[in-house]
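Inspection log for the structure reproduced underneath, given as structure tokens.
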Amino acid sequence: MYFSPSLEIENTYNKHGVSISIVGDVEDYEFYIFYKRPKIKKYFFGLFQKLNEKYFTGRTNQTKYDALLAIKALLDNNLELLRTKWG
572 MYFSPSLEIE NTYNKHGVSI SIVGDVEDYE FYIFYKRPKI KKYFFGLFQK LNEKYFTGRT
632 NQTKYDALLA IKALLDNNLE LLRTKWG
């Protein structure tokens with residue numbers, strides 16, 4: 572039986588958040604980092620748009636340093652770093 576501990580943190584004011592999961596064995600593990608935010612989705616040649624309140628993007632094979640950096644970026648409201656690295 573396997574268990575992947577996860578942590579989810581969300582800024583309730585701007586609806587941005589990160590979810591972090593640890594996957595693998597004790598000796599060999601990696602982090603999955605998911606970035607959640609509201610995003611406007613355009614369609615039909617940009618004529619129409621719809622707001623997706625819970626737009627997710629994720630990255631696998633992340634390090635402990637990456638996970639701590641994502642949490643710090645969210646706490647510091649550094650949305651540009653979150654967008655460029657995990658968006």
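Take the working numbering: the last position of the sequence shown gets the number 658, and nothing is skipped along the way.
A virtual CB, placed ideally from N, CA and C, is assigned to each residue, including glycine.
Computed from a predicted model, the values in this text were never measured in an experiment.
Problem set entry | 8 Å CB neighbourhood of Trp657 in its chain, flanking five on each side removed | Position 86 of the sequence shown, counted from the start, is the residue given in the question as residue 657. Answer for Trp657: Val589, Ile604, Phe605, Tyr606, Thr628, Gly629, Arg630 and Ala641, listed in chain order.
Exercise. Is it a yes or a no for the region 595-604 touching the region 612-622, going by three-plus beta-carbon pairs under 8 Å?
Worked result: no
Problem set entry | Candidates Pro576, Ala638 and Lys586, of which the one nearest Tyr626 by Cα | One-based indexing of the sequence shown puts residue 626 at position 55. Looking from the CA of Tyr626, the closest CA among Pro576, Ala638 and Lys586 belongs to Lys586.
For this session: Along the beta strand (DSSP E) that carries Lys613, what are the first and last residues, could you check?
Result: Mapped onto the sequence shown, residue 613 falls at position 42. Tyr600 to Tyr614 is the extent of the beta strand (DSSP E) around Lys613.
Exercise. Cα separation between Ile611 and Asn649?
Worked result: Here residue 611 corresponds to residue number 40 of the sequence shown, with the count starting at 1. Here residue 649 corresponds to residue number 78 of the sequence shown, with the count starting at 1. Taking the straight line from one Cα to the other gives about 20 Å.
For this session: Have a look at Asp596 and Leu646 and give me their C-alpha separation to the nearest angstrom.
Result: As a first step, residue 596 is located in the sequence shown; it is residue number 25 there, counting from the start. As a first step, residue 646 is located in the sequence shown; it is residue number 75 there, counting from the start. When the Cα atoms are used, Asp596 and Leu646 turn out to be separated by approximately 29 Å.
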